[in-house]
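Note that the sequence shown covers residues -27 to -1, 1 to 470 in mature numbering (1 follows the signal peptide of the UniProt record, and there is no 0).
Step one of this worksheet: look at the structure below.
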Amino acid sequence: MKQKKLKLVVLLAVILGVNSIPVVSYADEKDAKKDVKIEIVQESKVLIEDNWLTREVATQLNKSLKDLKEEDFLSIKKIDLSNKKIDDTIPGSISLLKNLEYLDLNSSKIDGEIPNVLAQLTKIKYLNLSNNNITKVSETVEKKIINGNYYYCNLDGNDFKYKEGWHYLNSKWFYINSKGDKLVGNQIIDGNQYNFKKDGIERIGWYKQDDKWYYSEQGTGIVKSKWKNIDNKWYYFNEEGTMQKGIKNINSVNYYLNNGGEMSTGWKNIDNKWYYFSDSGEMKYGWMKYNNEWYYLDRSTGIMVSGEEKMIDGKNYKFYGEGILAENTWADDYKYSQANGECVNTYSNYSHSNSNYNMFKYMTNVDNQVSVHNTAISLHGNVESNNCVYFASEVLRRNGFAIPTSTANVGQLEGQLKNRGFIESYDLNQLKPGDFVFTNNNSHVYMFMCWDKGDYAYIIDNQKKKFDNNILHERNVLSYDSNYDTDPSNRFYYYPY
């Protein structure tokens, strides 16, 4: 029985031995009575043709052609046979070079068609088949060229014509017309305008023409009538695609584009006049606070006002040469720029009386403000809070009113004022500089300096820590202010003489 089975194995080996190597497994002798299992493993082989390509592979691997195996082709990444006079077609066996990245057959007398299998080699990025006798490019290869799959592709100097459309050749974009020619100059393609050099290369990025700058993008062409961010800088191109410069009105907003075309932000000196442009590039107008200083930019031109007095909304304001608004500053004995910036004449009826005016004027001096503030703290045993009465009474003492230094609360101070003939008023609309103002529930007292906007006024008191370290600061006079937790005021006192 065993001999018959061996004969069967030999017979099978003869039948299959032409293109395969059989491997036979016998059953264990202990299982001799069972059927013998025969496993045939057939090793597949690819017929290796003899052509210029396979000979090049054999040369690179230092092997003979007959010893080449399919897996050998996977180790080839570069083939450079330029100027080798191959005088043949590209064989189908090129499909075995699945890891090929670089193929240069320039001026090698390659003829025939570029086969479709070349498109299957997905790792090729460099393809140079120029100056040959190639008669046709397969559709799949041309599609890869159109899509720009090769970082370098050169097929110039052959006997075929490209299809009409875009082609990525020699690492550049071209457009081939229906005659097979490369377009040059300005061209409209699918509704977009493009510009091509004399050799047909599409201009991409910045280019200058007739002393004007343009910017073009592959696929969409020349940028027109819109903003474009290039290298983190904003530029604007008009309807003709020209880069804009200078002050330009775009969609009813003024912008400044410098000599390089970049959109500007911040302060800009243009023709010896100052302007300000926001972070988004828009020209600013009117009042603007910058670095804690006020500026005014003309509402029609945007030019910064400087070195002059200007009437704005019926009020007069003074601006220094650098454009900063004058605040709490005396131009002379009577001309005063209030804390709100309004420039006024204080000669007549500015305060309720000369006494109030003198106290007001005394406290416009910053050194006096600091001195009174420090004295109030000292009078309160160096306690820095709840010093409003000490502060107000010190102002009064320095201006001729002998308020006892022991005066420590609002009730005591109010009694001192009444005893000295101060007049009480509940009409806060009649407040004038130098008046002493009291809040509801007797929680605070301060000196009024001038109105600002709405319910707010500039005042003087001891609360500089609460108000950004400013002794002279804004306060809501008429309403509760949740931002600073300050009570509304309900009455004030002034001296009649």
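Even glycine gets a Cβ: it sits at the ideal position worked out from N, Cα and C.
inquiry  = Only counting the same chain, and skipping five residues up and downstream in sequence, which positions put a Cβ closer than 8 Å to that of Tyr293?
reply    = Here residue 293 refers to the residue found at position 320 of the sequence shown. Result list for Tyr293: Ser279, Gly280, Ala299, in chain order.
query = beta strand (DSSP E) containing Gly418: first to last residue?
reply = Reading the sequence shown from its first residue, position 445 is the one you call residue 418. Position check: residue 418 holds Val in this sequence, whereas Gly was assumed. Residues 418 to 424.
ask   = Sorted by chain position, which residues of the same chain lie with C-beta nearer than 8 Å to Lys206's C-beta, five sequence neighbours on each side aside?
value = Start at 1 with the first residue of the sequence shown, and residue 206 comes out as number 233. Answer for Lys206: Glu235, Met236, listed in chain order.
inquiry  = Closest to Pro469 by C-alpha separation, out of Asn449, Ile444, Lys391, Cys361, would be which residue?
reply    = Locating residue 469 in the sequence shown gives position 496, counting from the first residue. Ranking the options by Cα distance to Pro469, first place goes to Lys391.
ask   = Is the beta carbon of His446 less than 8 Å from the beta carbon of Tyr431?
value = Locating residue 446 in the sequence shown gives position 473, where the first residue counts as 1. Locating residue 431 in the sequence shown gives position 458, where the first residue counts as 1. Yes, the pair counts as a contact, with Cβ atoms nearer than the cut-off.
query = Out of curiosity, what's the CA-to-CA distance linking Asp454 and Pro461?
reply = Locating residue 454 in the sequence shown gives position 481, counting from the first residue. Locating residue 461 in the sequence shown gives position 488, counting from the first residue. The alpha-carbon atoms of Asp454 and Pro461 are separated by roughly 8 Å.
ask   = Are the Cβ atoms of Gly239 and Phe333 separated by less than 8 Å?
value = Counting from 1 along the sequence shown, the entry for residue 239 is found at position 266. Counting from 1 along the sequence shown, the entry for residue 333 is found at position 360. Their beta carbons are not under 8 Å apart, which means Gly239 does not touch Phe333 by this criterion.
ask   = Within 10 angstroms of its Cβ, does Lys291 collect 16 or more other Cβ (buried), or is it exposed?
value = Counting from one through the sequence shown, the residue named residue 291 turns up at place 318. Buried: at least 16 other Cβ atoms inside 10 Å.
message = Less than 8 Å between the C-beta atoms of Gly173 and Phe147, yes or no?
response = Position 200 of the sequence shown, counting from 1, holds the residue named residue 173. Position 174 of the sequence shown, counting from 1, holds the residue named residue 147. The answer is yes: Cβ separation under 8 Å.
request  = Any chance you could list the alpha helix (DSSP H) runs of at least 4 consecutive residues sitting entirely within the region 370 to 442, in chain order?
outcome  = 383 to 392
Integer Cβ distance of Lys405 from Asn329, believed to fall under 8 Å = Position 432 of the sequence shown, counting from 1, holds the residue named residue 405. Position 356 of the sequence shown, counting from 1, holds the residue named residue 329. Right, the Cβ-Cβ distance comes to about 7 Å (below 8 Å), so this counts as a contact.
request  = Taking 8 Å as the threshold, find out whether the region 71 to 79 comes into contact with the region 42 to 60 through three or more Cβ pairs.
outcome  = yes
key: Cβ neighbour criterion (16 or more within 10 Å) applied to Gln182   = Taking the first residue of the sequence shown as position 1, residue 182 is located at position 209. When all chains shown are included, Gln182 counts as exposed.
query = Taking the C-alpha atoms as reference points, what is the distance between Asn347 and Val383?
reply = Mapped onto the sequence shown, residue 347 falls at position 374. Mapped onto the sequence shown, residue 383 falls at position 410. Cα to Cα, Asn347 sits roughly 19 Å from Val383.
Burial state of Asp184 (16 or more Cβ within 10 Å) = Position 211 of the sequence shown, counting from 1, holds the residue named residue 184. Classification for Asp184: exposed.
request  = Rank Tyr135, Phe250, Asn289, Lys197 by C-alpha distance to the C-alpha of Tyr167 and give the top, closest one.
outcome  = Position 194 of the sequence shown, counting from 1, holds the residue named residue 167. That would be Lys197, whose Cα lies nearest to the Cα of Tyr167.
task = Look at the Cβ atom of Tyr248, then the Cβ atom of Ile285, and state whether they are nearer than 8 Å.
result = The sequence position of residue 248 within the sequence shown is 275, counting from 1. The sequence position of residue 285 within the sequence shown is 312, counting from 1. No, the Cβ-Cβ distance between Tyr248 and Ile285 is not below 8 Å.
inquiry  = I'd like to know if the region 372 to 379 and the region 409 to 423 are in contact, where contact means that at least 3 CB-CB pairs between them fall below 8 Å.
reply    = no
ask   = Cβ atoms of Ser111 and Asn89: under 8 Å apart, would you say?
value = Taking the sequence shown and counting its residues from 1, one reaches residue 89 at position 116. Taking the sequence shown and counting its residues from 1, one reaches residue 111 at position 138. Yes. Within cutoff.
key: Classification of Thr27 by the beta-carbon crowding that lies within 10 angstroms, buried from 16 upward   = Here residue 27 refers to the residue found at position 54 when the sequence shown is read from its first residue. Buried.
inquiry  = I need the DSSP call for Val226, collapsed to helix, strand or coil.
reply    = Sequence index remark: in the sequence shown, residue 226 carries index 253 (1-based). Note: Val226 maps to strand in three-state DSSP.
task = Give me the Cβ distance between residue 473 and Tyr258, rounded to the nearest whole Å; I'm assuming they're in contact under 8 Å.
result = The structure shown has nothing for residue 473, since the chain only spans -27 to 470.
ask   = Assuming Asp434 contacts Cys361 under a Cβ cut-off of 8 Å, what Cβ separation, rounded to an integer in Å, is found between them?
value = For the purposes of this step, residue 434 is taken as residue 461 along the sequence shown, with counting starting at 1. For the purposes of this step, residue 361 is taken as residue 388 along the sequence shown, with counting starting at 1. At roughly 6 Å, the Cβ-Cβ gap stays under 8 Å, so Asp434 and Cys361 are in contact.
query = Which class does Arg176 belong to by DSSP, given the choice of helix, strand or coil?
reply = By one-based count along the sequence shown, residue 176 stands at place 203. Of the three classes helix, strand and coil, the one that applies to Arg176 here is coil, per DSSP.
ask   = If you count every other CB in all the chains shown that lies within 10 Å of the CB of residue 471, and 16 or more means buried, which is it?
value = Since the first and last residues shown for the chain are -27 and 470, residue 471 lies out of range.
Distance between Pro64 and Asn131 (C-alpha atoms, nearest Å) = Taking the first residue of the sequence shown as 1, we reach residue 131 at position 158. Taking the first residue of the sequence shown as 1, we reach residue 64 at position 91. The alpha-carbon atoms of Asn131 and Pro64 are separated by roughly 18 Å.
task = Compute the Euclidean distance between the alpha carbons of Val30 and Glu43, then round it to the nearest angstrom.
result = Here residue 30 refers to the residue found at position 57 when the sequence shown is read from its first residue. Here residue 43 refers to the residue found at position 70 when the sequence shown is read from its first residue. Between Val30 and Glu43, the C-alpha separation is close to 11 Å.
Nearest-angstrom Cα separation, counted from Thr95 out to Asp163 = The count along the sequence shown starts at 1 and reaches residue 163 at position 190. The count along the sequence shown starts at 1 and reaches residue 95 at position 122. Approximately 30 Å, taken between the alpha carbons.
key: Close-in-space but distant-in-sequence residues of the same chain around Asp325 (CB under 6 Å, 5 per side omitted)   = Taking the first residue of the sequence shown as position 1, residue 325 is located at position 352. A small correction: the amino acid at residue 325 is His; Asp does not occupy that position in the sequence shown. Excluding sequence neighbours, His325 sits near Lys405, Tyr467.
request  = Name, in chain order, the residues that DSSP records as bridge partners for Ile87.
outcome  = As a position in the sequence shown, residue 87 is number 114, starting the count at 1. In DSSP, Ile87 forms a bridge with Val110.
For Gly214, the nearest candidate out of Trp200, Ile220, Lys116 (CA to CA) = Counting from 1 along the sequence shown, the entry for residue 214 is found at position 241. Per the Cα distances, Trp200.
request  = Can you tell me which of Lys136, Gln93, Leu20, Lys109 puts its alpha carbon nearest to the alpha carbon of Asn122?
outcome  = Reading the sequence shown from its first residue, position 149 is the one you call residue 122. It is Gln93.
query = Could you give the C-beta distance for Gly194 and Asn165, rounded to a whole number, given that I count them as a contact under 8 Å?
reply = Counting from one through the sequence shown, the residue named residue 194 turns up at place 221. Counting from one through the sequence shown, the residue named residue 165 turns up at place 192. Between Asn165 and Gly194 the Cβ distance is about 4 Å, and since that is below 8 Å, they are a contact.
query = Do you know offhand how far Gly354's Cα is from Ser251's?
reply = Residue mapping note: residue 354 aligns to position 381 of the sequence shown, counting from 1. Residue mapping note: residue 251 aligns to position 278 of the sequence shown, counting from 1. If I take the Cα positions, the gap works out to 49 Å.
ask   = To the nearest angstrom, how far is it from the Cα of Asp458 to the Cα of Asn202?
value = Taking the first residue of the sequence shown as 1, we reach residue 458 at position 485. Taking the first residue of the sequence shown as 1, we reach residue 202 at position 229. Straight-line Cα distance between these residues: approximately 47 Å.
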